[in-house]
Amino acid sequence: MDEGVLSFKAQLEAAVTTGGLKAKESAIRSSKLINSIHEVVKSSFIEHGIATSRIAPPLGATVKELRLAGFIKQKDQDVCILPEGYTPKNEIMVEGLLNEAMDLYGKDYTERTLVVNIRSQVSSLDKNFDTLFERTIAEAQNLHVRCPKLVMGEVYMIAVPEYDVEAMRTNQIDFSKRAPKVLKYIKSFSAINLRRTSTGNDHKYERVCLLIVDFRPSTPIIHHTTASLKAAGLIPEDSTIDFSGLSWQGFTSDLLTIYNERFHYGVV
Numbered sequence: 001m002d003e004g005v006l007s008f009k010a011q012l013e014a015a016v017t018t019g020g021l022k023a024k025e026s027a028i029r030s031s032k033l034i035n036s037i038h039e040v041v042k043s044s045f046i047e048h049g050i051a052t053s054r055i056a057p058p059l060g061a062t063v064k065e066l067r068l069a070g071f072i073k074q075k076d077q078d079v080c081i082l083p084e085g086y087t088p089k090n091e092i093m094v095e096g097l098l099n100e101a102m103d104l105y106g107k108d109y110t111e112r113t114l115v116v117n118i119r120s121q122v123s124s125l126d127k128n129f130d131t132l133f134e135r136t137i138a139e140a141q142n143l144h145v146r147c148p149k150l151v152m153g154e155v156y157m158i159a160v161p162e163y164d165v166e167a168m169r170t171n172q173i174d175f176s177k178r179a180p181k182v183l184k185y186i187k188s189f190s191a192i193n194l195r196r197t198s199t200g201n202d203h204k205y206e207r208v209c210l211l212i213v214d215f216r217p218s219t220p221i222i223h224h225t226t227a228s229l230k231a232a233g234l235i236p237e238d239s240t241i242d243f244s245g246l247s248w249q250g251f252t253s254d255l256l257t258i259y260n261e262r263f264h265y266g267v268v
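This is the structure we're talking about:
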């Protein structure tokens, strides 16, 4: 993940220094920046034994995302692990808001697809929190209501401290002096993490990674542990919160373990 975050930083700051805030916003909208994190997620699954042919989009590509149908809408998914032994088949939907719409994969295939979505927020963390968190919950609900066994992961990267938007307007790189509300993010994402069973808790993810990154050094610092967050002054010393369940460390293996248990496979 270190290389992916470093690539994200380099591309973001190059966009800002050459084109300012508009260039930064354009790069984010185009998904160019976040694709470096997509590639890390794909590579991690390959390192855990998943065949490259089962990863969509393929490693190094941004097209051929699976457009999976949930209860409310069809949406392209960032990274999918395709199920073995199942073939996509056209299926006319008969429930939800997509009643009579065509599902190109079918419910059985969709439910056995492992899905990971990836987001980032590098500025205005407090301003946009409610909207983005609601959207994160809605994505899980959309798929889990229709396909309750579906295993779903979320990688959510935040810059702490966040980039200074005002500095970006003049093509400068600087960081906010405001104390970030890291504890709020940890508590909120903990509340939608670790969906252990396939009944209920449709708003939760089987595994969430809250990627808390300090982009100030030339090599960004990723906080993986509660101790690291305390040492950086991001959470109180007397806090009893446990960050380990939200760390990137173990993210991929946790998802594969849940998948194997849910579908009774020796391997995914």
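Just so you know, the sequence shown maps onto residues 1 to 268 in our numbering.
In this text, a Cβ means the ideal position worked out from N, Cα and C, and glycines have one as well.
Query	Result
Beta carbon of L210, beta carbon of Y163: below 7 Å?	no
In whole angstroms, what separates the C-alpha of A51 from that of Y185?	34 Å
If you pair each beta-carbon of the segment 106-124 with each one of the segment 79-91, do three or more pairs fall below 8 Å?	yes
Cβ of G153 within 6 Å of any heavy atom in the ligand SAM?	Among the ligands in the structure shown, none appear at all, so the ligand SAM cannot be discussed.
At which residues does the beta strand (DSSP E) containing E154 begin and terminate?	152-159
Of the residues L246, F71, V165, which one's Cα is nearest the Cα of H223?	L246
Could I get the ranges of all uninterrupted alpha helix (DSSP H) runs contained in the segment 23-74, with 4 residues as the minimum, in chain order?	35-47
Taking the straight line between their C-alpha atoms, what separation do you get for S26 and G19?	10 Å
Identify every residue that forms a DSSP beta bridge with F175.	Y163
According to DSSP, which residues form a beta bridge with Q121?	I158
Ordered along the chain, which non-local residues of its own chain (more than five positions away) have a Cβ less than 7 Å from that of S198?	P148, K149, R262
Consult DSSP for E134 and reduce its assignment to one of helix, strand or coil.	helix
Go to R262, then tell me how far its beta strand (DSSP E) extends in each direction, as first and last residue.	Run containing R262: none in the beta strand (DSSP E); it sits in the alpha helix (DSSP H), 251-263.
Taking the Cβ atom as the reference point for each residue, do M93 and D103 lie within a distance shorter than 7 Å?	yes
Would you say G70 and N142 are within 7 Å of each other, going by their C-beta atoms?	yes
Taking F175 as the reference, which of L256, G4, M1, E13 has the closest Cα?	E13
How is R207 classed by DSSP in three states: helix, strand or coil?	strand
Fully enclosed by the segment 185-250, which alpha helix (DSSP H) runs are 4 residues long or longer?	226-231
Between G128 and V41, what straight-line distance do the alpha-carbon atoms span, to the nearest angstrom?	For the sequence presented, residue 128 should be read as Asn rather than Gly. N128 and V41: Cα-Cα distance of roughly 25 Å.
Label T252 either buried or exposed according to how many other C-beta atoms from any shown protein chain fall within 10 Å of its C-beta, with 16 as the threshold for buried.	buried
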